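Using mature numbering (1 follows the signal peptide of the UniProt record, and there is no 0), the letters of the sequence shown map in sequence onto residues -23 to -1, 1 to 220.
By construction, the Cβ of each residue, glycine as well, lies at the ideal position given by its N, Cα and C atoms.
Just so you know, these numbers come straight off a predicted model, no measurement behind them.
This report concerns only the one structure given below.
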Amino acid sequence: MSRWGKAASLTLLLSACGSVASAQPICADVALVLAIDGSGSVTDSEYRFQKSAIAAALRDDGVVSALKDAGTVMLSAVFWGDGEFPTEDLGWFVVYDGVGAEGFAQGLERNERHVFGDTNIGSGLWSALDKLSEPGVCARRLIINLSGDGRETMLPKQRVRATLYQARLRTIRMGVTINALAIADDDGGLAAYYAQDVIRGTGGFTMTIRSQDDYAAAIRQKLKRELSPRFVASVAHPSSAPH
């Protein structure tokens, strides 16, 4: 089985003879990268719960219907934490007419944790942007679905891949939409921070939950909303330079 998952026969990059390298890519409708928080504030049990909740969401009838409505969808994920250490990522899975999401769900469930440390959102976004920049990735809509429970760590680092500011600039250049799920027990401060400093692109939006217990329902709602070609965001940010 290739890194493109169970929907290998549906992948956009296969030529008639089955060679990925020699194929000319045909653009998908959506390329979506899940950027999942694996920083030190996320316990091992919460990390496992996030993975299982996303996998369950991908099997939900409503999300499968949204995947069908979206057309051809490319799915991947990065797990991010401290910017001094590499992020983890899954390969691309292509979903057509709702078929192929199961391979991605199983890939998430099999993932073993190797990320910890500080909350370096910029490095996580940078890795997601790298996924969207890989050869052969072509889609009409480029989306990053970021979830996290804290603000960008501001401590000086020697090997941080990118700051949040740098990642936002690159997001604008690439025409990517960032949607965020804030996991917060505060009075809305984290949601406001995500709305101001994280989300970008046409129709970018923020959702907020109070605890990990609400994560499963929220991720289902978030996936359905961002996959729909007809969704109207309640919070929209034009593609302008960050401040």
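- Spatial neighbours of R117 in its own chain (CB-CB distance under 8 Å, excluding positions within 5 residues in sequence) are listed in chain order as C4, A5, D6 and V7.
- Distance from the CA atom of R138 to the CA atom of V19, rounded to whole angstroms, is 21 Å.
- With respect to the C-alpha of R202, the residue from S110, D46, Y73 and P112 having the closest C-alpha is D46.
- In this structure, A12 and L146 do not form a Cβ contact; the two beta carbons are roughly 17 Å apart against a cut-off of 8 Å.
- Per the DSSP secondary-structure output, G17 pairs with nothing in a beta bridge.
- Inside the stretch 31 to 108, DSSP marks whole alpha helix (DSSP H) runs of 4 or more residues at positions 38 to 47 and 78 to 87, from first to last along the chain.
- S104 and T154 have their C-alpha atoms some 15 Å from each other.
- Under the DSSP definition of a beta bridge, M184 partners with L158.
- Using a Cβ-Cβ distance cut-off of 8 Å, the stretch 156 to 172 and the stretch 181 to 188 are in contact, since at least three pairs of beta carbons, one from each stretch, lie closer than that value.
- When rounded, the separation of the alpha-carbon atoms in S16 and K28 is 14 Å.
- If you draw a 10 Å sphere on the C-beta of G152, you find fewer than 16 other C-beta atoms in it, and that means exposed.
- For R147, the enclosing alpha helix (DSSP H) starts and ends at L141 to M151.
- When DSSP states are grouped into helix, strand and coil, I196 belongs to the helix group.
- Apart from sequence neighbours up to five positions away, the residues of its chain that approach K199 with a beta-carbon distance below 8 Å are N122, N156, L158 and M184, ordered along the chain.
- Using a Cβ distance threshold of 9 Å, S53 and G68 count as a contacting pair.
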